[in-house]
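Undergrad: Attaching a single structure in C-alpha cells format; questions to follow.
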Amino acid sequence: MVKGIYHSAAGMIAQQRQLEVIASNLSNADSMGFKEERVSFRQTLDASPRSEFPITNGESYVVTERGPYGIAQQGTLLATENPLDLAIVGNGFFTVETEQGLAYTRDGRFQLNSEGELVTLSGCRVVTEGGTVQIPDGMLKINQDGELILEGEDSRLDRVIDKLKIVVFDDLAALRPSHDGLIVSQREPMEITQYRVEPGYLEESNVNLISQMIEMIQLNKIYEASSNAIKTQDSTLGKAVNEVGKSR
C-alpha cells in the first residue's frame, strides 16, 4: 500500500514537470526561433543529483530530461523586409558570443551596434567563421549561403568579407535553453553545409498551441486522479492501522 502511495506521488511529480514545460512552451509561443520542448523520463537504480524522485521505497529513481526535441520541425517564416533579419531553413543554429561563452539560437533578429558589429537584440556578438566581424562603412547584405557581403557602387564591386558560423548538434537531448532565447550545450557542435539562410525573414516559434492546451488539460486530469488515489490509499492505510490497534 505504501508503494502505491510512492507510485501515485511519483506520477504527480512527473505530471508537474510536464506541466512546467508546457507552461514554458505556451509563454514562448510568440518567441522567434523558439522550439517546442519535451520531457522524457528515465529510470535508474542509483540515487544521484539528477534523480528527481523515488518511484518506490528508495529502490529506484526517475531522472527527468528536457530539451528542444522538436528542433527538426521548421517554424513558419515571417517576412519582415529587414535585410538583417535572418531565418535558417533546415537544421542548424546561429552561433553567438555571450559573457558565459558560446551559445546558439534560431532567432535571427540581428542588428549592427555602434562599433559596426553584427549582434543580437540583447547585444551578443554574432560569431562568423572568422570569429567576429566589424562592418566597415558601406552597405551589408547576407546571401542564402550565409556569406556577409559588402556592397560596392555596383554588383561587380561586391566582396565577401566573412560567413556566418552555422552549426548543428548530433545529440539534441544535450541542448538546454538559456536566457534571451539562446541555447547552450556541453557538447561540441558540428559544422553544417546543408542549409539555407533567408534574409528578410524570421522563423516563428513551432509551438502548436492547440496540442499544448489539450495536453495540459489531460495532464491536469491525470494529476487530479493521482491526488485522489493518494487520498484513498492514505485513508485505507489509516483505517488498517486503527483496526489493527483496536484488535489488540
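Using this note's numbering, you'd call the opening residue of the sequence shown number 308 and step up by one each time. Glycine is no exception: its CB is placed at the ideal position from the N, C-alpha and C atoms. Computed from a predicted model, the values in this text were never measured in an experiment.
Can the beta-carbon of K472 be found closer than 8 Å to that of T500?
TA: It is not a contact, given that the beta carbons lie outside the stated cut-off.
Undergrad: Between S533 and S331, is the Cβ-Cβ spacing less than 8 Å?
TA: Taking 8 Å as the Cβ cut-off, S533 and S331 do not qualify as a contacting pair.
Undergrad: If you reduce the DSSP assignment to three classes, tell me which class I499 lands in.
TA: coil
Undergrad: Tell me whether the region 522-530 and the region 409-417 touch, counting them as touching only if at least three CB pairs, one residue from each stretch, are closer than 8 Å.
TA: no
Undergrad: Could you please give me the residues that DSSP links to G408 through a beta bridge?
TA: T405
Undergrad: Does any residue of chain C bring its CB to less than 8 Å from the CB of I320?
TA: The structure shown contains no chain C; it is built from a single protein chain.
Undergrad: Using the C-alpha atoms, what's the distance from R432 back to R324?
TA: 34 Å
Undergrad: By how many angstroms is the C-alpha of Q322 removed from the C-alpha of E531?
TA: Near 10 Å, if we compare the C-alpha coordinates of Q322 and E531.
Undergrad: Give the DSSP bridge partners of G264, in chain order.
TA: The structure shown has nothing for residue 264, since the chain only spans 308 to 555.
Undergrad: Going along the chain, which residues of its own chain have a beta-carbon closer than 6 Å to the beta-carbon of E420, five neighbours each way excluded?
TA: Residue 420 is actually Asn in this sequence, not Glu. Hits under 6 Å: V426.
Undergrad: Express the C-alpha separation of L447 and T439 in angstroms, rounding to a whole number.
TA: 15 Å
Undergrad: K528 by DSSP, collapsed to three states: which one?
TA: helix
Undergrad: If you measure between the beta carbons of N398 and V475, is that distance less than 8 Å?
TA: The beta carbons of N398 and V475 sit closer together than 8 Å.
Undergrad: Starting from the N-terminal side, write out each stretch of the alpha helix (DSSP H) that is 4 residues or longer and does not extend beyond the region 451-517.
TA: none
Undergrad: Report buried or exposed for D392, applying the criterion of at least 16 other Cβ atoms within 10 angstroms of its Cβ.
TA: buried
Undergrad: Bridge partners of K448, per DSSP?
TA: I456
Undergrad: Quick check on L385: buried or exposed, where buried means 16 or more other Cβ atoms within 10 Å of its Cβ?
TA: exposed
Undergrad: Express the C-alpha separation of K538 and V403 in angstroms, rounding to a whole number.
TA: Straight-line spacing of the CA atoms in V403 and K538 works out to 50 Å.
Undergrad: Give the range of the beta strand (DSSP E) segment to which A336 is assigned.
TA: Where A336 is concerned, there is no enclosing beta strand (DSSP E), given that its DSSP letter is neither H nor E.
Undergrad: If you draw a straight line from the C-alpha of Q418 to the C-alpha of Q519, how long is it?
TA: 33 Å
Undergrad: Going by the DSSP bridge assignment, what does F400 pair with across the sheet?
TA: V474
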